[in-house]
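Engineer: So that we are looking at the same thing, I have put the structure below in structure tokens.
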DNA sequence: TCTTATTTTGCGTCTTTTTGCTAGTTTTTA
DNA sequence: TAAAAACTAGCAAAAAGACGCAAAATAAGA
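Residue numbers (full-length UniProt numbering), protein chains in the order written: chain V, 1 to 249; chain S, 1 to 249.
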């Protein structure tokens, strides 16, 4: 049997069943396991499949980068996410909210970081899946079309059953007086549940949102333990927040 | 024997069997291996076939595998999804499994169709969000990196609390004798729960998977109410399934 | 037909590729 | 934590390929 032919067979099997065992293929094609191992390694090198311990899996599943390079103030959000990374240590259990700032945090997680991440955001979950050492747990529930996050009673109930070290959340509006507020009532309910399930809550917000408010209240400002903006912590724009017991980064 | 004539023979052999061994051809035509090697090299130069170590393979064989889109057998899967659409009526409550065939079903849902869709697959959920009249409910749980679906005890528990009209599921392997089987134990557990929560279960599978099996069993074949392949329902490949109480589409 | 130029073919030698095996290490699993 | 499975690396045998060369076949012109 030709090498090329064998590799085609391997590829087809992987595409067909999504995953294969090297031993199965070796037996089926009646060649040594080493040969299959070399074939798979080569196909992996050509990005035709992904080699894993003991077998191979199809790329169809793993390669999907929902690159949206149309994010407002991406630079600032990236800065914020970078600062947030400093809070993370191996073994931490965290919750990551939806929104582009939190998505940026997910994107910038170092590949070697060992985490357990809860999220109710589909894009965040997708992004986290690319991090080999991150365990991703999706909080289910009805999914909002606009925010692409699970909301509603079910999501809130699921959140009530978990406890995390840190919650990283975004907000629609934030004000040193009025706290965190939102345009949407359902979102507020979920965010309340998120804050409740966290030992410490970290707010990620670009400075543009400071001193703004809206209809529905998520929480008082001192429900937040750490607030991260793209500004230097000493920036005078942050002065109104210094009266409260908040760590500024 | 003329050189032209010999090269024609080589070409037709390649077309016929998709591949040839240089040694076989040399012996059959009673010329030295060097001659065949030169012929094949020349034909490769003319893009009539592809030369590989030890032989040659037809171009069709390779272009077939050079997937321009990375979904294997997308055409067939699309056909299957089209057929599945016929089962759906406004107001239905369904579950959609992970996998590329089910993803294709989600993709092809008409925008005007009014549905409630449960899913444990992140890509399917994302796709369903683009359908204005579909209510999407994500079944949460730990998310598998390979399949990008929620699995594990939590997902199974969540599934135990819902009841849907139809479950559309895929499978790794299906056989009329051995039923539906999978490579992965965790996936089997989830699929069992999916079948349990559905009044009727619809299996979507390309015909290439028929008569294949693997280690872990999801269910007997008669746990499936409807099986949809890309084949015509009267196709003889489906005969083994006619003995069971399955509707074929 | 004969001679000559050109192409094609087969052979020998040497290099490269492929493959299976062994030994030692790492990863997974129970 | 120990056994089992999988991985890595290196080696050697066998198969395949490259290349030069000379013989054979073919073509062409006198």
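No residue lacks a Cβ here, since even glycine has one placed at the ideal position from N, Cα and C.
Determine, using beta carbons only, whether residue 122(V) comes closer than 8 angstroms to chain S.
Structural biologist: Under the Cβ criterion of 8 angstroms, residue 122(V) is counted among the residues facing chain S.
Engineer: For a contact defined as C-beta to C-beta under 8 angstroms, what are the partners of residue 241(S) on chain V?
Structural biologist: In chain order: nothing, as chain V lies at least about 19 angstroms away.
Engineer: Just to confirm my understanding: we take residue 104(V), look at its own chain, exclude 5 residues before and 5 after, and list those with CB closer than 6 angstroms. What are they?
Structural biologist: 77, 78 and 81
Engineer: Could you pull out every unbroken alpha helix (DSSP H) segment of at least 4 residues lying fully inside the segment 113–184 of chain S, listed in chain order?
Structural biologist: 122–128 and 152–160
Engineer: Where does residue 72(V) land, buried or exposed, given buried means 16+ other C-beta within 10 angstroms?
Structural biologist: With fewer than 16 other Cβ atoms within 10 Å, it is exposed.
Engineer: Output the distance between the C-alpha atoms of residue 33(V) and residue 56(V), rounded to the nearest integer angstrom.
Structural biologist: 13 angstroms
Engineer: Any contact between the segment 165–174 of chain V and the segment 131–145 of chain V? By contact I mean 3 or more CB pairs, one from each, below 8 angstroms.
Structural biologist: no
Engineer: Just to make sure I have the definition right: I need the residues of chain V whose C-beta is within less than 7 angstroms of the C-beta of residue 201(S). Which are they?
Structural biologist: Within 7 angstroms Cβ-Cβ: nothing; residue 201(S) doesn't reach chain V, min ~20 angstroms.
Engineer: Give the DSSP-derived three-state secondary structure of residue 52(S) in the structure shown.
Structural biologist: strand
Engineer: Less than 8 angstroms between CB atoms is the rule here; does residue 6(V) satisfy it with respect to chain S?
Structural biologist: no
Engineer: Residue 222(S) and residue 246(S): beta carbons closer than 8 angstroms?
Structural biologist: yes
Engineer: Chain S partners of residue 227(V), CB-CB under 9 angstroms?
Structural biologist: Ordered by position in chain S, no residue passes the 9 angstroms Cβ test against residue 227(V), which lies about 28 angstroms from the chain.
Engineer: If you follow the alpha helix (DSSP H) that residue 252(V) is in, where does it begin and where does it stop?
Structural biologist: Residue 252(V) is absent from the model: chain V starts at 1 and stops at 249.
Engineer: Let me confirm a value: residue 100(V) is counted as buried when at least 16 other C-beta atoms fall within 10 Å, else exposed. Which label applies?
Structural biologist: buried
Engineer: Return the chain-ordered list of same chain residues with a C-beta closer than 8 angstroms to the C-beta of residue 315(V), the five sequence neighbours on each side being excluded.
Structural biologist: Here chain V comprises residues numbered 1 to 249, so residue 315(V) is not present and cannot be evaluated.
Engineer: Determine, using beta carbons only, whether residue 250(S) comes closer than 8 angstroms to chain V.
Structural biologist: A question about residue 250(S) goes unanswered here, because the residues of chain S that appear run from 1 up to 249.
Engineer: Taking 8 angstroms as the threshold (C-beta atoms), are residue 19(V) and residue 208(S) in contact?
Structural biologist: no
Engineer: Considering only residues of the same chain and omitting the five flanking positions on each side of residue 39(V), which have a CB-CB separation below 8 angstroms?
Structural biologist: 3, 6, 7 and 10
Engineer: Leaving out five residues before and five after residue 37(V) in sequence, what residues of the same chain have Cβ atoms less than 8 angstroms from its Cβ?
Structural biologist: 22
Engineer: Taking a Cβ distance cut-off of 8 angstroms, strictly less, list which residues of the segment 183–195 of chain S are near chain V, in chain order.
Structural biologist: 183 and 184
Engineer: Can you tell me which of the three DSSP states residue 236(S) falls into?
Structural biologist: helix
Engineer: Should residue 204(V) and residue 84(V) be called a contact, given that it needs their Cβ atoms to be closer than 8 angstroms?
Structural biologist: yes
Engineer: Report the rounded CA-to-CA distance for residue 14(V) versus residue 138(S), giving the unit in angstroms.
Structural biologist: 27 angstroms
Engineer: What in chain S is Cβ-close to residue 101(V), meaning under 7 angstroms?
Structural biologist: The contacting residues do not exist; residue 101(V) stays about 20 angstroms from chain S at best.
Engineer: Leaving out five residues before and five after residue 248(S) in sequence, what residues of the same chain have Cβ atoms less than 7 angstroms from its Cβ?
Structural biologist: 227, 233, 238 and 241
Engineer: The beta strand (DSSP E) that contains residue 79(S), what's its start and end?
Structural biologist: From DSSP, residue 79(S) is part of no beta strand (DSSP E) but of the alpha helix (DSSP H) over 74–85.
Engineer: Please return the same chain residues whose Cβ sits closer than 6 angstroms to the Cβ of residue 144(V), not counting the five positions on each side in sequence.
Structural biologist: 151
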